[in-house]
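One structure is given here, and the rest of the page talks about it.
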Amino acid sequence: MPSAFKHALFIVLPLIAVFAVLPSFYQNHLLLFNFVIFLILAQGVNIIYGFTGYLPFGYVGFFGAGAYGFAILVMHYQAPAPLAVLAGGVIGVALGLLLTPLLRLSGAYFAIANLAASLAVLHFVANPALENITRGPYGVSLTGTFNPTLAYNAALVVLTLTLGAVVYLKNSRFGLALQAVREDAVSASMAGVDVVWMRVIAWLASALVAGLAGGVYAWYVSVFYPDNVFSGDFSIFAIVFALFGGVATITGPIVGVIILYGIYNLIGFTTPQYFQLIYGLLIMGLVLFLPAGLVSLATRRGWHVP
Amino acid sequence: MCPDSAPILNVTKLAKRFGGFYALDGLSFHVASGEILGLVGPNGSGKTTAINVISGLYAPDGGEVVLDGVSIGGVASHKLVHRGINRTFQVPKPFMSLTVRENIEVALAYGRAAVAPPDMADLLDEYRLAEVADRPAADLNNAQQKMLDLVRALATRPRLLLLDELAAGLNPAELDWIAERIKALAQTGIAIIVVEHLMGFIEHITDRVIVMNAGKEIFEGKLAVAVQVPQVIEVFLGGEHAA
Amino acid sequence: MLIYALVAGVLFGLYFSLVGIGLNLVFGVMRIVNLAHGDILMLGAFVAFGVVALAGIDPLFAVPLAFVLFVLVGFLLYWVLVPRLQGSVNPEMLSIILFFGLSQVIEAVTTIFFGTSERSIQSRMLGTVFSTIRIKLFGGKPGASGPIQIFGQGFPAAWVIASITSLIAIALVYLYLYRTRLGTLTRAVMSRRDEALATGIDVDRISAAAFGIGLGLAAVAGVFAPFMFGSVTPAFGADATVTSFAIVVLGSLGNPLGTALGGVVYGVCYMLVQTYLSSWADLLPYVLLIFILLLRPSGLLGRRVRVA
């Protein structure tokens, strides 16, 4: 049995199945939905950071752009929700294309520029001068398309696509070549790999994933403000979840989301500053003591982690 | 070895500038299929820069690099790999977190070897990497990383191979062994350019050497002749780290 | 209007230089991205609040206090965090995440102790020490110092005091880097870290010093933040960090003195946009940052930087 098939059968399928049936047993639908969104975003970060080494510190830019792409199609063109979700993906890719020059930067320069880009998009969308198009800082309300059940299922579809992409990267020569580029771009080009092209593809794929996620998020919540969908927490959480589990694997980001987002919800929202304190300490501990993620506990022992 | 055949690579008046400093200043030479050409000269004479320009890492600031009659100056590295040029690095930089096998797999898959790509198992055997095939490249010692770098290059079936100090740091037994391997590669028709500080090694494997100084050629011919030319002697004695 | 914007831009710009210079020193020497930089600024502002609230004296006295305090904090943090970080596979990238975590901790702890309300200091408090001295020496009436006249326009005294303090601080950084032995070694580490290690320079000691001074300078900048930005909350840090990055990148990352130029250019742009295009002023730092990174990644004064 080829390993890609095995990964799809034993990792992707059970995960999707569990999240498909959970709403019938568990009351907190929004929480389940957020789990799915973070699974998508963490895997999106995995694609760009895990496989190419670019740290997308402003990853939320694509997410927010996708949410607003959805909103604009629904508000101004009365588009059906599924079409508007696709438009969110397209907007994500378009923003990704616009930002491809950032890939010329490396290390911290890229991370900071990406962060700045996401904030620029936020301030652009939230500008009162664009009230006619985006409703500016006053937020959007899309009651016409409100349908949490459908939106949840759409999120599962996006998650399936995302996991499919990661399974492909983990099992293909394309994914191997991407990792080669991450390790050393010069050596990779001397192995015949078109470094620029590979990076752009991975970048756009991760932008697409976040744009689609933004679209389904807008569909699900239906009322939101720029500060909600462009909140830096999305970027940070997705990065930390992916890193905590271990990037460049299929299972790492999944484990990261389940454990850390689970803890997040156990701590609760009632005292945000205590939560922030614990979270900050957790992030610091992660970098200092487990920089390669939970999976490194296994790989250090020589076990193979898919 | 067929020194009479038409050159596969022709370099004419090549120039490369870094700021105001000319690393290459009108370098010209050629190399034919099956030939082993040595590039020697003191540190900073432009040997590695020449290799970097020919392999597409830097675009030249002047002059021409012609492969098989086609000018290739400024063409991206991966495209040159597809046209049959490859190289090793002074400090090898394999894909550290990937296994040795995966390292080679990338080059086999993306090298677009003109002829059928070589066999993975053969490469691992021939370059003494079979035992470490499933270990991450980071676990390899320096000599093994150099061999992996060479195998990465060979996996793309190059017709022109540039070896940048491949022998540096190898022990005498390994030196003899790699010298024979390089000669065997030339015998299959690959044109090989060798940059090396070890004169004995150069003498042993090359057909011809170019002595470089300050980005220019100051001598061309047999190494044994070169060491009697006053200008060459002066350059080497004047150079700080001449080997 | 234009003259006002330009002068205000230069005054703010000098202050912005001080805001960014510590961040640049830390990145230049250690290749560490201190995402908690803005939070140190915020803490500097709280030192000023403390000095005013507890002692009721001129917040200028908070300047030396904040500097010394945060140099020590810097040493401590350095020894706790940095050696472990440098030992990892990709310190530059992980430093972003590590210091983001630190910034969360700082923001959380400050919120727990001081709440989320906006705090400010009456601007006439700043510089009272000067009028006290003036009265002692020359007599005259006590009273709030009015706006200061430059080119026939009135500017708040706090802006002028902040920009003069910034100039002094930048001059001291210059003297440190170019006139002291430790500073010379610091520049050596900035230009070639691996070679400096190989030549036996005590890179750890130099890095710790740079880290301490970097944090100290940020805290000093923070003392003036309530006057320059009106008020400060514990959440002020995140925005301040991004602004600092825009300034630093503008001047050139890894060249602390370039930051002085970057700050002034940023300040003038900021004031011009505020004056003529105020609804888009929020966008400025981000757009400027991206354009500079793409068009001239080495900054206005920079050497080559690493490009992928």
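Going down the list, the protein sequences come from chains A, U and S.
Residue numbering for the first sequence follows the working numbering, beginning at 38 and increasing consecutively.
Residue numbering for the second sequence follows the working numbering, beginning at 163 and increasing consecutively.
Residue numbering for the third sequence follows the working numbering, beginning at 638 and increasing consecutively.
Beta carbons are placed, not taken as given, at the ideal position from N, Cα and C, and that holds for glycine.
Taking the C-beta atoms as reference points, residue 85 (chain A) is found no nearer than 7 Å to residue 197 (chain A).
For residue 269 (chain U), the chain A residues whose Cβ falls inside 7 Å of its Cβ are 228, 229, in order along the chain. Out of A:231, A:111, A:204, A:278, the CA that lies nearest to the CA of residue 244 (chain U) is found in A:231. DSSP places residue 170 (chain U) in no alpha helix (DSSP H) but in the uninterrupted beta strand (DSSP E) bounded by 169-180. With at least 16 other beta carbons inside 10 angstroms of its own, residue 668 (chain S) counts as buried. Setting aside the 5 residues that flank it on each side, residue 904 (chain S) is surrounded in the same chain by 646, 649, 650, 653, each with a C-beta closer than 6 Å to its C-beta; the list follows chain order.
Beta bridge pairing from DSSP links residue 355 (chain U) with U:199, U:324. The criterion of a C-beta distance shorter than 7 Å is satisfied by residue 663 (chain S) and residue 851 (chain S). Spatial neighbours of residue 162 (chain A) in its own chain (CB-CB distance under 6 Å, excluding positions within 5 residues in sequence) are listed in chain order as 105, 171, 263. Against chain U, a Cβ distance below 9 Å from residue 216 (chain A) picks out 257, 259, 260, 264, 268. Of the candidates S:867, S:872, S:856, S:856 places its Cα closest to the Cα of residue 655 (chain S).
Residue 159 (chain A) is outside the set of residues whose beta carbon lies under 7 Å from a beta carbon in chain U.
Cβ-Cβ separation between residue 317 (chain U) and residue 256 (chain U): approximately 12 Å, too far for a contact (criterion under 8 Å).
Contact with chain A is found for residue 314 (chain U), since one of that chain's Cβ atoms lies less than 7 Å from the residue's Cβ. Listed along chain A, no residue sits closer than 8 Å to residue 851 (chain S) by beta-carbon distance, the nearest being about 15 Å off. At a beta-carbon threshold of 9 Å, none of the residues of chain S lie near residue 112 (chain A); the nearest stands roughly 22 Å away.
Distances from the alpha-carbon of residue 149 (chain A) to those of S:918, S:875, S:912 put S:875 closest. Here the C-alpha atom of residue 66 (chain A) lies approximately 36 Å from the C-alpha atom of residue 730 (chain S). With respect to chain A, the C-beta atom of residue 362 (chain U) has no partner C-beta closer than 7 Å. For residue 310 (chain A), the closest of S:745, S:799, S:807 by C-alpha to C-alpha distance is S:745. With a threshold of 7 Å between beta carbons, residue 264 (chain A) makes no contact with chain U. Scanning S:854, S:751, S:838, S:862 for the CA closest to the CA of residue 711 (chain S) turns up S:854. When CB distances to chain U are screened at a threshold of 7 Å, the residues of the segment 192-216 of chain A falling below it are 210, 213, 214, 216, in chain order. The beta-carbon of residue 731 (chain S) is placed less than 7 Å from the nearest beta-carbon of chain A.
A straight-line Cα-Cα distance of about 20 Å links residue 111 (chain A) and residue 98 (chain A).
In the structure shown, residue 863 (chain S) adopts helical secondary structure according to DSSP, grouped into three states.
DSSP places residue 838 (chain S) outside both helix and strand once states are collapsed to three, so it counts as coil.
At least one CB of chain A lies nearer than 7 Å to the CB of residue 745 (chain S). Cβ proximity to chain A below 8 Å picks out 916, 917, 919, 920, 922, 923, 924, 926, 927, 930, 931 from the segment 904-932 of chain S. About 6 Å separates the beta carbon of residue 640 (chain S) from that of residue 790 (chain S), a gap short enough to meet the 8 Å contact definition. Residue pairing by DSSP puts residue 229 (chain U) in a beta bridge opposite U:171, U:232. In the three-state reduction of the DSSP assignment, residue 791 (chain S) falls in the strand class.
In terms of beta-carbon proximity, residue 143 (chain A) stays away from the interface with chain U, with every pair separated by 7 Å or more.
By the neighbour-count criterion, in which 16 or more other beta carbons inside 10 Å mark a residue as buried, residue 68 (chain A) falls on the exposed side. Secondary structure note for residue 143 (chain A): it is in no alpha helix (DSSP H), with a DSSP letter that is neither H nor E.
For residue 61 (chain A), the secondary structure class from DSSP, reduced to helix, strand or coil, is helix.
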